[in-house]
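One structure is given here, and the rest of the page talks about it.
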Amino acid sequence: MGVGDHRPEDKYVKLPAVIHATRLGYSYRSIKNSVAGIDFDTDTNIFYEDLRRGISKVNGVALSESQTCHIASILRDMLSANDLGRSFFKTLQTSVDGLKLVDFGNPANNIFTVVTELPYSSGDDSFRPDITFFVNGMPLCFLEAKRQNNKDGIVAERERMYSRFSNPIYWRFVNITQIMVFSNNMEYDNGSRQPLFGSYYASSAYGAVSLNHFREEDEGFLVAGLGPRDFELEKKVLEDNGLGSFWGKPEFESSIDPLTPTNRIITSLFSPARLTWMLRYGICYVEKTNDSGAKELRKHVMRYPQFFANIAVEKRLAAGADRGVIWHTQGSGKTALAFFLSRYLTDWYQSKGVIAQFFFIVDRLDLADQAADEFRARDASVRVVNSRKEFGDCLRNDPAARIADGNVATSRFDRRATEITVVNIQKFSDDAMAIEPPYSLNVQRIFFLDEAHRDYRPGGSFLASLMRSDEHAVKIALTGTPLISHKSGNTRDVFGPYIHRYFYNRSIDDGYTLRLMREGVKSTFKIRMQEVVKELREIKGVTSWNEVFEHDNYVKPLVNYIVDDYMDAQVRLGDESIGAMVVASSAKQARKIYAELQELDPDLSSALVLHDEGSKEERRGIQIEFKRGGIDILVVYNMLLTGFDAPRLKRLYLCRKIREHNLLQCLTRVNRPYHDHAFGYVIDFADIREEYDRTNQAYLRELEEELGDFATYYDSLFMTPEEIETDLAKVKDSLFLYSTDNVVEFQKQVNAIQEKSALYELRDALTRYRELKNVASMHGFESLYQGFDVYNAAELLREVQHRIDAVNAREALARKDLSTGAINVLLAQLEFSFKKQGERELKVATELEDVMRDAYREASRVIDADDPEFINLLDELKKRMRERNVEEMTSEEMAISIDEYRALKKRISEYRQREALLAEKYHNDPKFVRAHKKAERTPPPITTSTSKLVGILAGVKENADALVARNANILGNPPYFLRQVESMLADACDNQGVDYDVDQVTSLASFIAGQYEQEKGKAA
């Protein structure tokens, strides 16, 4: 194969990236002579020899081959759990059998290896990441490299990864993978709503993958750690991949430039020092209750601004500073940043022989509850303090005295839960006793002051008390809107200079927050309300503006307008799940609005949140219910304008003027990403334009003072009129040739489109129309506003999406590489179309679709998906899909397929019946059905007697179930639980008079213990 025969991504991206990794300290491994099952474990892709060498080097021991295989077996069973790799990650952070897997303190003491096209296989299904990055033989990261301007960009890779990782057969690989990178070697397109161009990173997930940008802030780092070029190694890498003649060509020299986008992100994330840092401090598991009320576990990787904030804090502290401000825009994850900082600074101070104590300071009870929930979701140990006395007790509680109790980590590799005290200083009384904590050189207190733009005034009692509580404490202020030239002080004057900055324009580019769209109220409504105000003031003699706004004659039409607009927006934006918030001009008006909402539409749910309305628990319940989608509209006055994060909140009805930084805090309640929305919407009854412009200019001046020319990158939070008009013009041009006033004709036009890029462009235009419809007429685009109504647009958008789904389905069939998960996705999306559309064809088509779904539904109910007999049946199902183009079948061909699928379904049903009989022996416990079948097919079997095997495993089940029932936490200690199961299994064999060897017991016990851990993960 010549140079020209290889894929462009191989020549210009993948292999240059591999060579770049070798300059960072990775060794290149060719897998041509590697034997699966001998050199590496096919279930985990762990390379045995590198694992042995790495663990030996890290721990200063000489590990034997048998010890290495034992550790690999423990890791394999651990990675079989349905826990998103949580148990493996904890082991990675600590040790296995007393041996550390990674040296985090000295990156050079590890073995870093890079491999290309290593198969991630499960039965006949497999995929091959372009580049896999190993640490001590463990495949912890991979990179998918694509050519520039690849079809559908990185979006295609994200969708492909979703299809793969939704499939349980790949979950071992999901569990071991810590960081994934997807790159088409292009710079980011900051104006794009979808990740088409650039280099993105993500943590692994069972399904949907959240992509992150990485923008290197230390440009010198990109070249500082590079070793010299090794020409012989470069040739070896190219020759090993059939591209030996590519070496030395101009294109090769350009492609190995350290500053290409792909090579930059490899340096930023995978250089040995960075990677070990990220593995140690940059990943956490977050367990929360989802909208349906179920516990949901996710894996989070640190965002790049959080990483650089950590590094900036360390530098500031190392220089002797004890305070500073982190200015990160709203919605950028400041609570998560405090958690990550706590983990990192714990070790940083520990390395100096100092114990760190962390306090997260807020000034409102609801923020204290919210922060505590966020920290607990990340498995932190949290204490909430609501009084000065409790705070004093915490300060006097010397952590050094608690080490003997085992409650505080005593070394950098003792990964106990991070301890954080959340302090609500709102309840601190001014005249309470002074706090005089004991001073200790071995204890360093760190105060994170959340929302450091409100009551933390230099002369205020709150801040003064805090400062006096420990004059030696480190104080880090967190804010998205620092006070600037404010009468009560400047945030920098109080807390010191900025440590790190991350502004909302960059957050919008990175996809963490949304631009805002200001919608003025319709002119007809303005005229009507002017008449109402005139009548109230001139005829009825109402003199106070508050009385005007609170009058029934004003409130009723206001609420009517809000309800009509909200319901229209749900239809126009194609999302009935979006929520709204009304910010009233006074508490009394808020009550009136809420009462009118209650009477106006019983199907529209609303709630009132005021500081003197209901109990704390009731207000908290309202917030939770709104976030879950159980409430449509919240009515507030002063509460929830800051710190309230609800992504579904997309429409803010602003009925009063709000000043300065409080205005920005309020507006950004609607800027969190949700579904595929491009904007958060502010419906402006109060005309905030002048106040917003004044506040925005103040921040711009602050940036110019701090950053000089860089301040030019700071942009408006709102979409500008010029941008709106440009977008509307594009929408008009994109839709011009289509029959948007006739759905049937439009459907014919769309069905003739073969290229997905054209379909995507059309979908984007219709989506943008939905988003901009309310402002179109205000910017001179009446033809768009009047050309077709929002209901019509929604139907047209559905037709385009149906066509995209059909094209995707056809491409999936053409690839003939369908995995189990891909087939399931395809069946869910498949729409049958045939050459003939007679009544008989349609009837047979429906029958075929039903029998196909029945066959796969029956297969999905099988208990043991790893049984070779079942795998063969599933392969036959896949073969049927590959061999027939269902969209082109005649009715006779469909009839034949129906019979084939029915026969297969019958065989699967018979298989399931045999499984059911076996399940009864174990009281329908699927764990032991799988264990029984695993024992039978693992040579040599413990026993060939089915009755004895049932007796053995039933005994293990009884004892293991009782042990877990007594102490559910035992599953959190996998090595200990495994030893208990091994003992139970050995005793059960003795009871049945069955001889066994250690390897048989160890292997089967590991499988059983893994089943319990997997069951625990599913329950969570």
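When we follow this note's numbering, the leftmost residue of the sequence shown carries the number 26, and every step to the right adds one.
Yeah, the Cβ is synthetic: ideal placement off N, Cα and C, and Gly gets one too.
Within 10 angstroms of its Cβ, does residue 295 collect 16 or more other Cβ (buried), or is it exposed? Mapped onto the sequence shown, residue 295 falls at position 270. The residue in question, residue 295, is buried, as its Cβ has 16 or more Cβ neighbours within 10 Å.
Which one or two residues does DSSP pair with residue 718 in a beta bridge? Walking along the sequence shown from the start, residue 718 turns up at place 693. Residue 718 is not bridged to any residue.
Are residue 468 and residue 347 closer than 7 Å when you measure CB to CB? Within the sequence shown, the letter at position 443 stands for residue 468. Within the sequence shown, the letter at position 322 stands for residue 347. Not in contact: residue 468 and residue 347 (Cβ atoms no closer than 7 Å).
I'd like the ranges of any beta strand (DSSP E) spanning at least 3 consecutive residues and lying wholly in the segment 518 to 593. 523 to 527 and 540 to 545
Nearest chain B C-beta to residue 694 closer than 7 Å, yes or no? Given the protein chain composition of this structure (a single chain), no chain B is represented.
Look up residue 853 in the DSSP assignment and say whether it is helix, strand or coil. Mapped onto the sequence shown, residue 853 falls at position 828. Only weak support is given to the placement of residue 853: the predicted model assigns it a pLDDT of 47, under 50, and the question is left unresolved by the model.
So for residue 125, helix, strand or coil by DSSP? Start at 1 with the first residue of the sequence shown, and residue 125 comes out as number 100. Looking at residue 125 - three-state DSSP - the assignment turns out to be coil, as it is neither helix nor strand.
By Cβ distance, which residues of its chain are closer than 6 Å to residue 620, with the 5 residues on each side in sequence left out? Locating residue 620 in the sequence shown gives position 595, counting from the first residue. Excluding residues within five positions, none has a Cβ falling inside 6 Å.
At which residues does the beta strand (DSSP E) containing residue 312 begin and terminate? Working through the sequence shown from its first residue, we reach residue 312 at position 287. Residue 312 -> beta strand (DSSP E) spans 308 to 314.
Does the count of Cβ pairs from the segment 304 to 313 and the segment 110 to 128 closer than 8 Å reach three? Taking 8 Å as the limit for Cβ pairs, the verdict is that the segment 110 to 128 does touch the segment 304 to 313.
Taking the continuous beta strand (DSSP E) assigned at residue 163, which residues delimit it? Locating residue 163 in the sequence shown gives position 138, counting from the first residue. First-last of the beta strand (DSSP E) with residue 163: 163 to 170.
Measuring CB atoms only, is the segment 960 to 970 touching the segment 1026 to 1042, in the sense that at least three cross pairs come out at less than 8 Å? yes
Using only the alpha-carbon positions, how far apart do residue 269 and residue 55 sit? What you label residue 269 is simply residue 244 of the sequence shown in a count that begins at 1. What you label residue 55 is simply residue 30 of the sequence shown in a count that begins at 1. Roughly 14 Å separates the two Cα atoms.
Does the pairing of the segment 234 to 243 with the segment 30 to 40 give three or more beta-carbon distances under 8 Å? no
Under the assumption that residue 169 contacts residue 207 (Cβ atoms under 8 Å), give the Cβ distance between them as a whole number of angstroms. By one-based count along the sequence shown, residue 169 stands at place 144. By one-based count along the sequence shown, residue 207 stands at place 182. Yes, residue 169 and residue 207 are in contact; Cβ-Cβ is about 5 Å, under 8 Å.
Using beta-carbon positions only, say whether residue 313 and residue 503 come within less than 7 Å of one another. Residue numbering aside, residue 313 sits at position 288 when the sequence shown is read from its first letter. Residue numbering aside, residue 503 sits at position 478 when the sequence shown is read from its first letter. Not closer than 7 Å, so no.
Between the segment 659 to 674 and the segment 611 to 620, are three or more C-beta pairs nearer than 8 Å? yes
If you run the structure through DSSP and keep just helix, strand and coil, what is residue 321? Residue mapping note: residue 321 aligns to position 296 of the sequence shown, counting from 1. The answer is strand: DSSP assigns residue 321 an E or B state.
Between the C-alpha atoms of residue 678 and residue 714, what's the straight-line distance to the nearest angstrom? Counting from one through the sequence shown, the residue named residue 678 turns up at place 653. Counting from one through the sequence shown, the residue named residue 714 turns up at place 689. Straight through space, the alpha carbons of residue 714 and residue 678 are spaced by roughly 14 Å.
Sequence-distant residues of the same chain with beta carbon closer than 7 Å to residue 641, five excluded per side: Sequence index remark: in the sequence shown, residue 641 carries index 616 (1-based). So the list reads 390, once near-sequence residues are dropped.
With a CB to CB cut of under 7 Å and the five nearest residues on each side skipped, what residues in its chain are close to residue 684? As a working note, residue 684 is residue 659 in the sequence shown. 716, listed in sequence order.
Residue of 51, 70 and 53 minimising C-alpha distance to residue 60: Along the sequence shown, read from residue 1 onward, the residue named residue 60 stands at position 35. Selected option, being the one with the closest Cα: 70.
Starting from the C-beta of residue 768, find all residues in its chain whose C-beta is less than 8 Å away, skip the five residues before and the five after it, and write them out in chain order. In the sequence shown, residue 768 corresponds to position 743, counting from 1. For residue 768, where only same-chain residues beyond five positions count, the Cβ hits under 8 Å are 817, 820, 821 and 824.
Can you check which of these residues, 1036, 107, 925 and 243, is closest to residue 322 by C-alpha distance? One-based indexing of the sequence shown puts residue 322 at position 297. Minimum Cα distance to residue 322 is reached at 107.
From residue 444 to residue 383, what distance separates their C-alpha atoms? For this step, residue 444 is matched to residue 419 along the sequence shown. For this step, residue 383 is matched to residue 358 along the sequence shown. Taking the straight line joining both Cα atoms gives about 7 Å.
So which of 405, 442 and 472 has the shortest CA-CA distance to residue 420? As a working mapping, residue 420 is identified with position 395 in the sequence shown. The residue with the shortest Cα to Cα distance from residue 420 is 472.
So, with DSSP's three-state summary, where would you put residue 882? Translated into the one-based positions of the sequence shown, residue 882 becomes position 857. Residue 882: helix per DSSP, three-state reduction.
Ignore the nearest five residues each way along the sequence and tell me which others in residue 702's own chain have a CB closer than 8 Å to its CB. What you label residue 702 is simply residue 677 of the sequence shown in a count that begins at 1. Same-chain partners within the cutoff: 539, 598, 600, 603, 675 and 796.
Can you give me the C-alpha to C-alpha distance between residue 631 and residue 672, rounded to a whole angstrom? Counting from 1 along the sequence shown, the entry for residue 631 is found at position 606. Counting from 1 along the sequence shown, the entry for residue 672 is found at position 647. C-alpha separation (whole angstroms): 17 Å.
By DSSP, does residue 365 sit in helix, in strand, or in coil? For the purposes of this step, residue 365 is identified with residue 340 of the sequence shown, where counting begins at 1. Three-state DSSP puts residue 365 in a helix.
Find the nearest neighbour of residue 407 within the set 414, 326 and 395, judged by alpha-carbon distance. To locate residue 407, count along the sequence shown from 1; it is residue 382. Looking at the Cα atoms, 395 is the closest of the given residues.
As assigned by DSSP and simplified to three states, the class of residue 929: Residue 929 sits at position 904 when you count from the first residue of the sequence shown. Residue state, collapsed to three classes: helix.
What span of residues does the alpha helix (DSSP H) with residue 188 cover, start to end? Numbered from its first residue, the sequence shown carries residue 188 at position 163. Where residue 188 is concerned, the enclosing alpha helix (DSSP H) stretches over 178 to 190.
If you draw a straight line from the C-alpha of residue 217 to the C-alpha of residue 762, how long is it? Counting from 1 along the sequence shown, the entry for residue 217 is found at position 192. Counting from 1 along the sequence shown, the entry for residue 762 is found at position 737. Distance between the alpha carbons of residue 217 and residue 762: 24 Å.
Going along the chain, which residues of its own chain have a beta-carbon closer than 6 Å to the beta-carbon of residue 277, five neighbours each way excluded? For the purposes of this step, residue 277 is taken as the residue at position 252 of the sequence shown. So the qualifying residues of the chain are 271.
Please name the residue, chosen from 222, 541 and 551, that lies closest to residue 697 on a Cα-to-Cα basis. Indexing the sequence shown from 1 puts residue 697 at position 672. Considering only alpha carbons, the answer is 541.
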